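Below is one structure, written out as structure tokens; the observations come after it.
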Amino acid sequence: METIQEDFIKVVNGVDVKKLQATIDAINDDPDLASFTFHTVTEWIDGAQNKTLVERQASEGDREPFILRSDEPEVLMGSGTAPNSIATLMQALASCLSVSMVYHAAARDIQIDKLTIHIDGDIDLHGFLGLSSEVRPGFQDIRVTVDVQSQAPREDIEDLLRYAQRVSPVVDSLRNRIPVEISLE
Numbered sequence: 334m335e336t337i338q339e340d341f342i343k344v345v346n347g348v349d350v351k352k353l354q355a356t357i358d359a360i361n362d363d364p365d366l367a368s369f370t371f372h373t374v375t376e377w378i379d380g381a382q383n384k385t386l387v388e389r390q391a392s393e394g395d396r397e398p399f400i401l402r403s404d405e406p407e408v409l410m411g412s413g414t415a416p417n418s419i420a421t422l423m424q425a426l427a428s429c430l431s432v433s434m435v436y437h438a439a440a441r442d443i444q445i446d447k448l449t450i451h452i453d454g455d456i457d458l459h460g461f462l463g464l465s466s467e468v469r470p471g472f473q474d475i476r477v478t479v480d481v482q483s484q485a486p487r488e489d490i491e492d493l494l495r496y497a498q499r500v501s502p503v504v505d506s507l508r509n510r511i512p513v514e515i516s517l518e
């Protein structure tokens, strides 16, 4: 009797769990695979408008870079044609936290039906405009509310959220000081 072995793809939350596990295994076997350098080039266009090219990783082949545009709202003398950098930072935080939750939920076989992340951040323009050296130019605080709809027990979702915060690169970058070197060419 012939045995037929089928290779089923298990997808949880849109994540191929087998590929996720294969990636984890590959990095465990060769830790150098985990190191990446991300590269962007931003060109000023006019006023508050900028265009950023986000280069692809070498493993993605010869593909066109992503293009991100930024501007300021009209109230801040921009044209309002694109989100400003602060909004992009909030988007990066929400997206990274979302991916961290979804990937680790998939690894734990937790189905997420809906995930919505709300972020509010308070900023005081006295710092940015150079009107006060006592006011930071960046966010004074950021508040994140995560709404998860799932059949999983709330305790599992709470544990998942704690874990996702711990492993999210953007959460880590915002919570912990990282060296930023700026030089002039």
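Just so you know, we're using the working numbering here: the sequence shown kicks off at 334 and counts up by one.
By construction, the Cβ of each residue, glycine as well, lies at the ideal position given by its N, Cα and C atoms.
These figures come from a predicted structure and were not determined experimentally.
* **Nearest candidate by alpha-carbon position, reference LYS447, set VAL504, ILE490 and ILE419** => ILE490
* **Straight-line Cα distance separating PHE371 from LEU401** => 15 angstroms
* Asked: For ILE337, does the three-state DSSP call read helix, strand or coil?
  -> Since pLDDT at ILE337 reaches only 49, below the 50 mark, its modelled position is unreliable, and the value read off the structure follows with that caveat. Reduced to three states, the DSSP call for ILE337 is coil.
* 4-residue-minimum alpha helix (DSSP H) runs that sit fully inside the segment 375-453, ordered along the chain -> Runs of the alpha helix (DSSP H) inside the segment 375-453: 418-440.
* To do: Name the two residues that bound the continuous alpha helix (DSSP H) containing GLN354.
  => 350-362
* To do: In the DSSP assignment, find the unbroken beta strand (DSSP E) run with GLN484 in it and report its ends.
  => That residue, GLN484, is in no beta strand (DSSP E); it is neither H nor E in DSSP.
* Asked: Hey, ALA427 and ILE450: beta-carbon distance below 8 angstroms or not?
  -> yes
* CB contact flag (SER412, GLY380, <8 angstroms) -> yes
* **Candidates ILE378, GLU467, GLY394 and PHE399: closest to GLU388 by CA position** => PHE399
* To do: Can you say whether ALA367 is buried or exposed, counting buried as having 16 or more other CB atoms within 10 angstroms of its CB?
  => exposed
* To the nearest whole angstrom, what separates the beta carbons of ALA440 and LEU353, a pair I think is in contact under 8 angstroms? -> 6 angstroms
* To do: May I have the straight-line CA-CA distance separating ARG495 from ILE419, to the nearest angstrom?
  => 24 angstroms
* So the alpha helix (DSSP H) LEU462 belongs to, where does it begin and stop? -> For LEU462, there is no enclosing alpha helix (DSSP H), as DSSP gives it neither H nor E.
* Residue from PRO406, GLU407, ALA391 and SER431 with nearest C-alpha to PRO502 -> Closest option to PRO502, Cα to Cα, is SER431.
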